[in-house]
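Q:
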Amino acid sequence: MTALELARQIRGGERRAIDVLEEHLARVAQHEAQIHAFNLVTADEARAAAHRVDEAIARGVDPGPLAGVPLALKDNLCTRGIPTTCSSRILEGWRPPYDATVVQRVLAAGAVPIGKTNLDEFAMGSSTENSAFGPTRNPRDLSRVPGGSSGGSAAAVAADFAPLSLGSDTGGSIRQPAALCGVVGVKPTYGVVSRWGLVAFASSLDQVGPFAADVADAALLLEVIAGHDSHDSTSIPQPAPALSAQLDRGVEGLRIGRITDLPAGAAPDVVARLDAAFAALEAAGARIVDVRVPAFTYGLTAYYLIAPAEASSNLARYDGVRYGLRVPAADTNAMYAATREAGFGAEVKRRIMLGTYALSAGYYDAYYGKALKVRRRIADDFARAYEQVDALLTPTSPTEAFPLGDKTADPYTMYLCDTYTIPSNLAGHPAMSVPFGTGAAGLPVGVQVLAPTLGEPVMFRVAAALERSMAGVGGAR
Amino acid sequence: MPDRLTPADITKVARLARLELTPAELDEYTRQLSGMLEHFADIDSLDLGGVEPMTQPFPLVNVLRDDVEADTLDRDEVLAAAPAAQDGRFRVPPVVGTEP
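Quick note, the sequences are listed as chains A and B, same order. Going by our numbering, the first sequence opens with residue 121, and the numbers climb by one from there. Going by our numbering, the second sequence opens with residue 571, and the numbers climb by one from there.
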């Protein structure tokens with residue numbers, strides 16, 4: 121059942137939040153051992169939250185738009201007094217002294233957080249295999265990955281452990297797992313959702329966003345978490361956009377761009393679904409326009425220089441002094457190095473090394489500096505395309521979900537998973553993945569809708585139209 | 571772009587990053603980072619003359635809050651999460667004096 125329908129029933133007194141919660145916890149108990157979506161299930165805290173919702177309703181107080189809706193939180197969102205690990209040994213056991221802004225907002229809207237979901241360590245990866253606590257498996261096929269880095273949050277919604285979850289997206293970490301698990305995933309415009317209490321990976325790219333089983337639920341959750349926050353200096357000083365009201369407007373007259381110089385690499389079955397999506401939008405009254413975004417191709421390189429550079433700086437804070445792991449040593453320098461060597465996994469160390477190199481004396485201009493110019497070029501090319509179109513459509517992931525272990529031997533092979541998602545992070549634009557049928561192996565394929573800065577309203581219109589067209593052929597959930 | 575990375579380069583970077591790599595990691599990262607830099611050479615062909623670096627996607631300047639008293643994190647709660655604390659402070663091993 122959708123979050124909208126659950127909240128309606130709970131607010132109307134037809135069902136109790138505690139009963140809805142117990143149904144979801146029962147599903148977790150039955151399937152979690154196979155899937156491993158969670159690092160921690162907070163059943164006691166969830167029951168207390170559900171009782172608060174039921175008591176409010178008994179008193180005639182409306183708990184809010186997410187009243188009694190179970191919700192899963194990516195384990196890089198700070199939760200006061202509840203362990204927040206980032207799936208890293210270096211933060212194992214750490215209990216934050218505050219709630220992230222997005223956590224405060226979902227609680228204030230009546231949601232019932234049920235646990236902290238697994239991720240690639242510090243959100244670095246595309247398969248959730250980089251977790252220090254073991255991989256998450258795709259609920260649609262347990263031999264395959266759920267994508268990443270927010271693989272646990274995507275799997276939690278796909279398995280109906282919760283109708284909603286929150287993830288973070290630095291280069292595709294919400295959209296790619298959404299595509300691979302067959303759910304909706306949204307990366308909002310940079311600055312639309314507060315990053316306060318999101319453990320930092322790459323601060324100029326990170327953005328929190330929703331997972332949901334359908335577009336309307338994703339709009340509902342984004343409306344709750346969006347809007348200015350004085351605790352985040354990059355927060356855009358505007359209220360949350362009205363999105364739910366957009367969903368029924370259709371796409372009549374909208375111009376949808378097809379990028380003719382999109383980087384190669386998408387599998388034929390994925391390309392076929394993208395073509396079907398263009399056809400569906402055209403049938404719904406949109407006009408398909410060919411555009412070029414030449415610098416799109418260079419996004420991967422720019423990203424894998426910029427994101428590790430920012431990460432190498434952000435992750436300097438894990439030094440064994442203020443929180444998390446400490447490996448004792450004779451002096452501070454030895455303690456830092458021993459703590460970080462023991463606490464970080466292979467991919468995190470790889471990116472810290474890459475980023476430190478890209479920023480180091482003598483190489484800064486050749487790598488980091490050049491990547492920042494490529495980033496500008498990408499934003500400029502997008503801007504030219506958006507003079508001709510209202511939104512763009514691309515694949516989300518080059519392939520369906522791949523088997524565990526398939527891409528772990530060569531890190532660059534894994535990085536290629538992000539080819540189509542990265543440019544939106546570099547430009548700061550919103551983008552979302554919508555399930556659009558299945559591929560050659562019968563697994564979900566997602567189509568990505570891209571829009572310019574603060575273009576969420578038009579993006580959701582297009583996404584809703586795609587979803588409606590699938591409902592017509594029995595392909596939606 | 572510079573030539574291939576050597577183990578000496580990687581050792582220097584690891585020291586800058588405060589990572590104490592094992593010999594196996596040193597070998598692996600030398601190989602993997604060299605391979606990545608080869609892939610990343612694709613941007614060398616771009617003419618980026620006159621292009622302004624882009625450091626943030628939505629530039630906001632002079633973001634200040636009102637100068638009023640506000641709550642901060644509770645000191646005892648913060649220190650309780652530290653590996654070692656004493657007298658209201660974080661406790662660390664000696665900073666200087668142990669290295670020759």
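We put the CB at the ideal spot given by N, CA and C, even for glycine.
1) Counting only beta-carbon atoms, is residue 506 of chain A nearer than 8 Å to chain B?
2) Does the region 628-637 of chain B come close enough to the region 421-431 of chain A to have 3 or more Cβ pairs within less than 8 Å?
3) Can you give the Cα-Cα distance for residue 220 of chain A and residue 576 of chain B, rounded to whole angstroms?
4) From which residue to which residue does the beta strand (DSSP E) around residue 570 of chain A run?
5) Identify which residue in A:137, A:122, A:128 and A:584 has its Cα closest to the Cα of residue 365 of chain A.
6) Determine contact between the region 198-209 of chain A and the region 279-290 of chain A, defined as no fewer than three beta-carbon pairs at a distance below 8 Å.
7) Just tell me which of A:248, A:383 and A:442 has its CA closest to the CA of residue 612 of chain B.
8) Should residue 552 of chain A and residue 390 of chain A be called a contact, given that it needs their Cβ atoms to be closer than 8 Å?
9) Shorter than 8 Å from the beta carbon of residue 602 of chain B to some beta carbon of chain A?
10) From the beta carbon of residue 140 of chain A, is the nearest beta carbon of chain B less than 8 Å away?
11) Does chain A have any CB closer than 8 Å to the CB of residue 612 of chain B?
12) Could you check if residue 574 of chain B is buried or exposed, using at least 16 other CB atoms within 10 Å of its CB as the buried criterion?
13) Pull out every residue of the region 645-659 of chain B whose Cβ sits closer than 8 Å to any Cβ of chain A, in chain order.
14) Cβ of residue 214 of chain A less than 8 Å from any chain B Cβ?
15) Residues of chain A with a CB under 7 Å from the CB of residue 623 of chain B: which are they?
16) Answer yes or no: does any C-beta atom of chain B fall closer than 8 Å to that of residue 446 of chain A?
17) Would you say residue 639 of chain B faces chain A, with C-beta separation under 8 Å as the test?
18) Contact check, residue 435 of chain A vs residue 242 of chain A under 8 Å by CB: the rounded distance?
19) In whole angstroms, what separates the C-alpha of residue 260 of chain A from that of residue 339 of chain A?
20) From residue 540 of chain A to residue 181 of chain A, what distance separates their C-alpha atoms?
21) What residues from chain A crowd round residue 594 of chain B, counting only those whose CB sits closer than 7 Å?
22) Taking only three categories from DSSP, how would you classify residue 124 of chain A?
23) Can you tell me which of A:319, A:326 and A:489 puts its alpha carbon nearest to the alpha carbon of residue 290 of chain A?
24) Taking three-plus beta-carbon pairs below 8 Å as touching, is the region 310-324 of chain A in contact with the region 602-621 of chain B?
25) Can you give the Cα-Cα distance for residue 585 of chain B and residue 197 of chain A, rounded to whole angstroms?
26) Between the C-alpha atoms of residue 322 of chain A and residue 486 of chain A, what's the straight-line distance to the nearest angstrom?
27) Output needed for residue 381 of chain A: all residues of its chain with C-beta closer than 8 Å, excluding positions within five of it in sequence on either side, in chain order.
28) Run through chain B and tell me which residues come within less than 8 Å of residue 293 of chain A, C-beta to C-beta.
29) In this structure, how does DSSP classify residue 442 of chain A when only helix, strand and coil are distinguished?
30) Taking the straight line between their C-alpha atoms, what separation do you get for residue 147 of chain A and residue 190 of chain A?
31) Assuming residue 302 of chain A contacts residue 515 of chain A under a Cβ cut-off of 8 Å, what Cβ separation, rounded to an integer in Å, is found between them?
32) Check each residue of the region 461-475 of chain A: if its Cβ is closer than 7 Å to any Cβ of chain B, include it; give the result in chain order.
33) Answer with yes or no whether the minimum CB distance from residue 574 of chain B to chain A is below 8 Å.
34) Indicate whether the contact test is met: 3 or more Cβ pairs, each with one atom in the region 438-445 of chain A and one in the region 462-476 of chain A, closer than 8 Å.
35) Indicate the three-state DSSP secondary structure (helix, strand or coil) for residue 410 of chain A in the structure shown.
36) Using a Cβ-Cβ distance cut-off of 8 Å, determine whether residue 413 of chain A contacts chain B.
A: So, from the listed chains and residues:
1) Position 386 of the first sequence, counted from the first residue, corresponds to residue 506 of chain A. By this cut-off, residue 506 of chain A is not an interface position.
2) At 8 Å Cβ cutoff, the stretches do not touch.
3) Residue numbering aside, residue 220 of chain A sits at position 100 when the first sequence is read from its first letter. Residue numbering aside, residue 576 of chain B sits at position 6 when the second sequence is read from its first letter. Rounded to the nearest whole angstrom, the C-alpha separation of residue 220 of chain A and residue 576 of chain B is 42 Å.
4) By one-based count along the first sequence, residue 570 of chain A stands at place 450. Following the DSSP letters along the chain, one finds residue 570 of chain A inside the beta strand (DSSP E) bounded by residues 564-570.
5) Mapped onto the first sequence, residue 365 of chain A falls at position 245. Of A:137, A:122, A:128 and A:584, the smallest CA-CA separation from residue 365 of chain A is found for A:584.
6) Contact fails: fewer than three Cβ-Cβ distances are below 8 Å.
7) Indexing the second sequence from 1 puts residue 612 of chain B at position 42. The option with the nearest alpha carbon to residue 612 of chain B is A:383.
8) Taking the first sequence and counting its residues from 1, one reaches residue 552 of chain A at position 432. Taking the first sequence and counting its residues from 1, one reaches residue 390 of chain A at position 270. The answer is no: Cβ separation not under 8 Å.
9) Against the second sequence, residue 602 of chain B aligns to sequence position 32. For residue 602 of chain B, the answer is yes, since a Cβ of chain A falls inside 8 Å of its Cβ.
10) For the purposes of this step, residue 140 of chain A is taken as residue 20 along the first sequence, with counting starting at 1. Interface criterion not met: the Cβ of residue 140 of chain A is under 8 Å from no Cβ in chain B.
11) The residue given as residue 612 of chain B occupies position 42 in the second sequence. Interface residue, yes.
12) The count along the second sequence starts at 1 and reaches residue 574 of chain B at position 4. The residue is exposed, with fewer than 16 neighbouring Cβ atoms inside 10 Å.
13) Within the region 645-659 of chain B, the residues whose Cβ lies closer than 8 Å to any Cβ of chain A are, in chain order, 647, 648, 651, 652, 653 and 654.
14) Locating residue 214 of chain A in the first sequence gives position 94, where the first residue counts as 1. So yes, residue 214 of chain A belongs to the interface.
15) The count along the second sequence starts at 1 and reaches residue 623 of chain B at position 53. Under the 7 Å cutoff, chain A gives 489, 492, 493 and 496.
16) What you label residue 446 of chain A is simply residue 326 of the first sequence in a count that begins at 1. Yes, contact with chain B.
17) Within the second sequence, residue 639 of chain B is the residue found at index 69, counting from 1. Taking 8 Å as the CB threshold, residue 639 of chain B stays off the interface with chain A.
18) In the first sequence, the residue the question calls residue 435 of chain A occupies position 315. In the first sequence, the residue the question calls residue 242 of chain A occupies position 122. Indeed, because the Cβ distance is near 7 Å, the residues count as touching under 8 Å.
19) One-based indexing of the first sequence puts residue 260 of chain A at position 140. One-based indexing of the first sequence puts residue 339 of chain A at position 219. Distance between the alpha carbons of residue 260 of chain A and residue 339 of chain A is about 24 Å.
20) Within the first sequence, the letter at position 420 stands for residue 540 of chain A. Within the first sequence, the letter at position 61 stands for residue 181 of chain A. Here the C-alpha atom of residue 540 of chain A lies approximately 45 Å from the C-alpha atom of residue 181 of chain A.
21) The residue given as residue 594 of chain B occupies position 24 in the second sequence. Those within 7 Å of residue 594 of chain B in chain A number zero; the least Cβ separation is about 11 Å.
22) Reading the first sequence from its first residue, position 4 is the one you call residue 124 of chain A. Here DSSP, grouped into helix, strand and coil, assigns residue 124 of chain A to helix.
23) Residue 290 of chain A sits at position 170 when you count from the first residue of the first sequence. Of all alpha-carbon atoms in A:319, A:326 and A:489, the one lying nearest the alpha-carbon of residue 290 of chain A is that of A:326.
24) Cβ pair count under 8 Å is below three, so no.
25) Position 15 of the second sequence, counting from 1, holds the residue named residue 585 of chain B. Position 77 of the first sequence, counting from 1, holds the residue named residue 197 of chain A. Approximately 30 Å, taken between the alpha carbons.
26) Here residue 322 of chain A corresponds to residue number 202 of the first sequence, with the count starting at 1. Here residue 486 of chain A corresponds to residue number 366 of the first sequence, with the count starting at 1. Taking the Cα positions, residue 322 of chain A is about 20 Å away from residue 486 of chain A.
27) The residue labelled residue 381 of chain A in the question sits at position 261 within the first sequence. Excluding residues within five positions, the ones whose Cβ falls inside 8 Å are 412, 413, 414, 416 and 417.
28) Taking the first residue of the first sequence as position 1, residue 293 of chain A is located at position 173. Within chain B, no residue comes near residue 293 of chain A; the closest Cβ sits about 16 Å away, beyond 8 Å.
29) Numbered from 1 along the first sequence, position 322 holds the residue referred to as residue 442 of chain A. The answer is coil: DSSP assigns residue 442 of chain A none of H, G, I, E or B.
30) Mapped onto the first sequence, residue 147 of chain A falls at position 27. Mapped onto the first sequence, residue 190 of chain A falls at position 70. Pairing residue 147 of chain A with residue 190 of chain A, the inter-Cα distance amounts to about 12 Å.
31) For this step, residue 302 of chain A is matched to residue 182 along the first sequence. For this step, residue 515 of chain A is matched to residue 395 along the first sequence. About 15 Å separates the two Cβ atoms, so there is no contact after all.
32) Interface annotation for the region 461-475 of chain A against chain B: 461, 469, 470, 472, 473 and 474, criterion Cβ-Cβ distance under 7 Å.
33) For the purposes of this step, residue 574 of chain B is taken as residue 4 along the second sequence, with counting starting at 1. Chain A, which has no Cβ nearer than 8 Å to the Cβ of residue 574 of chain B, makes this no.
34) With a cut-off of 8 Å on Cβ pairs, the region 438-445 of chain A is in contact with the region 462-476 of chain A, counting three or more such pairs.
35) Within the first sequence, numbered from 1, the residue matching residue 410 of chain A stands at position 290. Taken through DSSP and simplified to helix, strand or coil, residue 410 of chain A comes out as strand.
36) Locating residue 413 of chain A in the first sequence gives position 293, where the first residue counts as 1. At a cut-off of 8 Å between beta-carbon atoms, residue 413 of chain A makes no contact with chain B.
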